[in-house]
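Undergrad: Mapping the sequence shown onto full-length UniProt numbering, position 193 (from 1) lands on 193, and the numbers just tick up by one.
Quick one: structure below, then a few questions.
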Amino acid sequence: MIPLPLARIAEITSGALAGMADPRAVVRGPVVTDSRAVEPGSLFVAIKGERVDGHDFAAQAVAAGAVAVLASRPVDAPAVIVGDTVAAMTVLATAVCAALPATTVIGLTGSAGKTTTKDLLARLTARIGPTVATSGSFNNEIGHPLTVLRAGEDTRYLVLELGARSAGHITHLARVAPPRIGVVLNVGTAHLGVFGGKAEIARAKGELVEALPAEGVAVLNADDPLVAAMAERTRARVTWYGRAEGATVRAENVTVDERGRASFTLRTPSGAAPVGLRLYGEHAVENALAAAAAAYELGLPVATIAEELSEAEPRSRWRMEVTDRADGVTVINDAYNANPDSMRAAFGALDALAGDRRRFAVVAALRELGDESVALNEGLGRLAGSAGLAGLFVVGPDADPVLAGARAAVQAAGRVPAASGAYHGAGGPPGGGAGEPPGAGRAGRPAPVAAFGDPEGSAAGGTPAVTRVSHAADAAQAGAELAAMLAPGDVVLVKGPRAAGLERVAAALLGGDRR
């Protein structure tokens, strides 16, 4: 952060000094909202949440080295008192960004792949100048200004992930740190229930390109029609990326190895270079192309871009983390978040990585899908039920549509439920039997093929004769039951919405074993 005396912070935020705060005391950063993250020279922002009030930790923060507290009421510590601490932090971040004219702000949004793309792009920009990037998925009204406030006078690139929870959200974030380059990845079905439809999601994501100046650059996905249409909404020059022949930066000759990692030729107007990704899943190609296109606009040579993409490892936790246990069991931990599009990508990665090995999956019902929730969750079940699994665990409440969809797909493949809840060879009634999971007797509506692909999807050559479909009350139950079923060489996919906490399943299966 730019060093600022408390008197200047109070002036910027229209706050008042209190608690014997020294107006000459200088905040050098970082600005934090967690008292445990305080370092000498910090500014602690006290936020009142539903269960925890940061004001209660004011004295602790100052004792740990914070210069002062940004607070909305008097506290037992030096403070700058403002009406709303989040709003004041946003104003402070806006002022800091405006004081950094040599910093290029790059904004990035999309329904899926934001964090991976942001991590790749930050690695690329770091080759040509000091870079500050969003930590994890700190892409909302709190995390965004916190990231901006990490920038200092030596920062040349500020790579920001922008999330959208409602119309106008990205516009607000873009005002805090006006982008010169805007990257839009895709328009999917994440938060469908919040926005009401994909057209509304596209309108919200397109706020990023609307915020770009005439001398800026919009980096758009040529393979997504809703993203491509955003070219009409910006004054900036447009650079296209994707697999389409006309894309400025594109992937050619894409192949996927036995571990599910993609290789391709990166083609640009100034030449081409081979890329071999260490990231898992073919969907990582699109993320790499988006980062490459933005880096190309910054003048990075194609050979350097390819080199950095090929060396990049996953940075953010619980996103396609692939771990092999000592006994050969492979756990794919993609539990950070989920939506219909990322579920399809994850099962594609499972198929590529598992080959003819026995495969399992642990999922949870998707959320924020509005009126499409039942249909899309049944689609998730059909996707899982057609994936050649030996076992599927659906965790948590609202599991009925997923279970029903899985049952329909398994039955369509010629297998029917046994009383235990397992599905096996031909014969027997299609109805639910004793001991089956909730909703087992309902076939439900067909899944939307557009969201999940062909429900008759092909299984690997080693498709097991039995597909066991189970409901688990929570992650602990799923982890314990699945652990007892695994044999050396098996592959497990763990994927669900953040609130489901499925990373605990992966942790239970790994038990610290990471090879």
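Glycine included, each C-beta is placed from N, C-alpha and C at the ideal position.
These figures come from a predicted structure and were not determined experimentally.
For Ala37 versus Val67, is the C-beta distance shorter than 9 Å?
TA: Residue 37 sits at position 37 when you count from the first residue of the sequence shown. Residue 67 sits at position 67 when you count from the first residue of the sequence shown. No, these two residues do not count as a Cβ contact at 9 Å.
Undergrad: How should Arg51 be labelled, buried or exposed, when 16 other C-beta atoms within 10 angstroms of its C-beta is the threshold for buried?
TA: Here residue 51 corresponds to residue number 51 of the sequence shown, with the count starting at 1. Classification of Arg51: exposed, given that the 10 Å Cβ count is below 16.
Undergrad: Quick test of your reading: Arg504 and Ala483, contact by CB under 8 Å. State the CB separation rounded to the nearest angstrom.
TA: Against the sequence shown, residue 504 aligns to sequence position 504. Against the sequence shown, residue 483 aligns to sequence position 483. That pair is no contact at about 12 Å.
Undergrad: Which residue marks the beginning of the beta strand (DSSP E) containing Leu70, and which one marks its end?
TA: The sequence position of residue 70 within the sequence shown is 70, counting from 1. Where Leu70 is concerned, the enclosing beta strand (DSSP E) stretches over 68-71.
Undergrad: Rounded to whole angstroms, what's the CA-CA distance from Gly260 to Ser14? Just pull it up for me.
TA: Translated into positions along the sequence shown, residue 260 becomes position 260. Translated into positions along the sequence shown, residue 14 becomes position 14. So the two alpha carbons sit approximately 53 Å from each other.
Undergrad: Have a look at Asp22 and Ile12 and give me their C-alpha separation to the nearest angstrom.
TA: As a first step, residue 22 must be located in the sequence shown, where it is residue number 22. As a first step, residue 12 must be located in the sequence shown, where it is residue number 12. So the alpha carbons of these two residues sit roughly 16 Å apart.
Undergrad: Nearest-angstrom Cα distance between Ala46 and Thr109?
TA: Stepping through the sequence shown from its first residue, residue 46 is reached at position 46. Stepping through the sequence shown from its first residue, residue 109 is reached at position 109. Distance between the alpha carbons of Ala46 and Thr109 is about 28 Å.
Undergrad: Could you tell me the boundaries of the beta strand (DSSP E) in which Phe393 lies?
TA: Here residue 393 refers to the residue found at position 393 of the sequence shown. Unbroken beta strand (DSSP E) run through Phe393: 391-395.
Undergrad: Give a yes or no on whether the C-beta atoms belonging to Val275 and Ala288 are separated by under 9 Å.
TA: Counting from one through the sequence shown, the residue named residue 275 turns up at place 275. Counting from one through the sequence shown, the residue named residue 288 turns up at place 288. In this structure, Ala288 lies closer than 9 Å to Val275 by Cβ.
Undergrad: Tell me which residues share the same chain as Thr94 and place their Cβ nearer than 6 Å to its Cβ, disregarding the 5 neighbours each side in the sequence.
TA: For the purposes of this step, residue 94 is taken as the residue at position 94 of the sequence shown. Excluding sequence neighbours, Thr94 sits near Val176.
Undergrad: Starting from Val254 and walking both ways along the beta strand (DSSP E), at which residues does that stretch end?
TA: Working through the sequence shown from its first residue, we reach residue 254 at position 254. Looking at the DSSP string, the run of the beta strand (DSSP E) that includes Val254 is 249-256.
Undergrad: Cα separation between Ala61 and Thr33?
TA: Position 61 of the sequence shown, counted from the start, is the residue given in the question as residue 61. Position 33 of the sequence shown, counted from the start, is the residue given in the question as residue 33. Near 10 Å, if we compare the C-alpha coordinates of Thr33 and Ala61.
Undergrad: Could you tell me the alpha carbon to alpha carbon distance between Ala59 and Arg203, rounded to whole angstroms?
TA: If you number the sequence shown from 1, residue 59 lands on position 59. If you number the sequence shown from 1, residue 203 lands on position 203. Ala59 and Arg203: Cα-Cα distance of roughly 44 Å.
Undergrad: First and last residue of the alpha helix (DSSP H) that includes Leu120?
TA: Translated into the one-based positions of the sequence shown, residue 120 becomes position 120. First-last of the alpha helix (DSSP H) with Leu120: 114-125.
Undergrad: With a Cβ-Cβ cutoff of 9 Å, do Ala354 and Val469 count as a contact?
TA: Translated into the one-based positions of the sequence shown, residue 354 becomes position 354. Translated into the one-based positions of the sequence shown, residue 469 becomes position 469. No, they are not a contact pair.
Undergrad: By a C-beta neighbour count over all protein chains shown, 10 Å radius and 16 as the cutoff for buried, is Tyr423 buried or exposed?
TA: What you label residue 423 is simply residue 423 of the sequence shown in a count that begins at 1. With a pLDDT of 38 at Tyr423, under the threshold of 50, the predicted position of this residue should be treated as unreliable, and no value is reported.
Undergrad: Between Val27 and the rest of its own chain, which residues show a CB-CB distance below 6 Å, the 5 nearest in sequence each way excluded?
TA: By 1-based counting over the sequence shown, the position of residue 27 is 27. Result list for Val27: Leu4, Leu43, Val67, in chain order.
Undergrad: State buried or exposed for Leu151, treating a residue as buried only when at least 16 other CB atoms are found within 10 Å of its CB.
TA: Start at 1 with the first residue of the sequence shown, and residue 151 comes out as number 151. As written in the sequence, residue 151 is Ala, which differs from the Leu given in the question. Buried is the call here.
Undergrad: Taking only three categories from DSSP, how would you classify Pro274?
TA: As a working note, residue 274 is residue 274 in the sequence shown. Looking at Pro274 - three-state DSSP - the assignment turns out to be strand.
Undergrad: Measure the alpha-carbon distance for Ala480 versus Ala508 and round it to whole angstroms.
TA: Residue 480 sits at position 480 when you count from the first residue of the sequence shown. Residue 508 sits at position 508 when you count from the first residue of the sequence shown. Looking at the two C-alpha atoms, the distance is approximately 8 Å.
Undergrad: What residue from Ala71, Ala506, Val494, Leu486 has the CA that sits closest to Asp327's CA?
TA: In the sequence shown, the residue the question calls residue 327 occupies position 327. Of Ala71, Ala506, Val494, Leu486, the residue nearest in Cα terms is Leu486.
Undergrad: Can you tell me where the alpha helix (DSSP H) with Gly348 in it begins and where it stops?
TA: As a working note, residue 348 is residue 348 in the sequence shown. From DSSP, the alpha helix (DSSP H) with Gly348 extends over 340-354.
Undergrad: I'd like the span of the beta strand (DSSP E) that includes Asn333, first residue to last.
TA: Taking the first residue of the sequence shown as position 1, residue 333 is located at position 333. Looking at the DSSP string, the run of the beta strand (DSSP E) that includes Asn333 is 330-333.
Undergrad: Just how far apart, CA to CA, sit Gly271 and Val285?
TA: Here residue 271 is taken as the residue at index 271 of the sequence shown, counted from 1. Here residue 285 is taken as the residue at index 285 of the sequence shown, counted from 1. Rounded to the nearest angstrom, the two C-alpha atoms are 18 Å apart.
Undergrad: Express the C-alpha separation of Gln477 and Ile181 in angstroms, rounding to a whole number.
TA: Indexing the sequence shown from 1 puts residue 181 at position 181. Indexing the sequence shown from 1 puts residue 477 at position 477. If you take the alpha carbons of Ile181 and Gln477, they lie about 46 Å apart.
Undergrad: Taking the alpha carbon of Gly41 as the point to measure from, which residue in Ala64, Gly54, Asp56, Asp398 has its own alpha carbon closest?
TA: Reading the sequence shown from its first residue, position 41 is the one you call residue 41. The candidate whose alpha carbon is nearest that of Gly41 is Ala64.
Undergrad: So, is Ala447 buried or exposed, given that buried needs 16 or more other C-beta atoms within 10 angstroms?
TA: The count along the sequence shown starts at 1 and reaches residue 447 at position 447. With a pLDDT of 36 at Ala447, under the threshold of 50, the modelled position of this residue cannot be trusted; read the value that follows with caution. Per the 10 Å Cβ criterion, buried.
Undergrad: Provide the residue span of the alpha helix (DSSP H) that contains Leu162, from first to last.
TA: Numbered from 1 along the sequence shown, position 162 holds the residue referred to as residue 162. Where Leu162 is concerned, there is no enclosing alpha helix (DSSP H), given that its DSSP letter is neither H nor E.
Undergrad: Assuming Ala202 is part of the beta strand (DSSP E), what are its boundary residues?
TA: Taking the sequence shown and counting its residues from 1, one reaches residue 202 at position 202. Counting along the chain, Ala202 falls outside any beta strand (DSSP E), though it belongs to the alpha helix (DSSP H) covering 198-205.
Undergrad: Could you check whether the stretch 140-157 touches the stretch 85-104, counting it as contact only if at least three pairs of C-beta atoms, one from each stretch, sit closer than 8 Å?
TA: Yes, since at least three Cβ pairs between the stretch 140-157 and the stretch 85-104 fall closer than 8 Å, the two stretches touch.
Undergrad: For residue 517, count neighbouring Cβ atoms within 10 angstroms of its own Cβ and tell me buried if that reaches 16, exposed if not.
TA: Absent from the model: residue 517. The displayed extent of the chain is 1 to 515, so no value can be given.
Undergrad: What first and last residue would you give for the alpha helix (DSSP H) that runs through Tyr296?
TA: As a position in the sequence shown, residue 296 is number 296, starting the count at 1. Run containing Tyr296: 284-297, per the alpha helix (DSSP H) assignment.
Undergrad: Would you kindly check if the distance between the Cβ of Thr171 and the Cβ of Leu160 is under 9 Å?
TA: Translated into positions along the sequence shown, residue 160 becomes position 160. Translated into positions along the sequence shown, residue 171 becomes position 171. No, the pair does not count as a contact, with Cβ atoms beyond the cut-off.
Undergrad: Within its chain, find whatever has a CB closer than 6 Å to the CB of Ala409; leave out the 5 residues flanking it on each side and keep chain order.
TA: One-based indexing of the sequence shown puts residue 409 at position 409. Once the five neighbours on either side are set aside, the close Cβ partners of Ala409 are Arg382, Gly385, Ser386, Pro455.
Undergrad: Can you look up Leu369 in the DSSP assignment and give me helix, strand or coil?
TA: Translated into the one-based positions of the sequence shown, residue 369 becomes position 369. In this structure, Leu369 counts as coil in the three-state DSSP scheme.
Undergrad: DSSP beta-bridge partners for Ser470?
TA: In the sequence shown, the residue the question calls residue 470 occupies position 470. DSSP, once it has assigned bridges, lists Phe393 as partnering Ser470.
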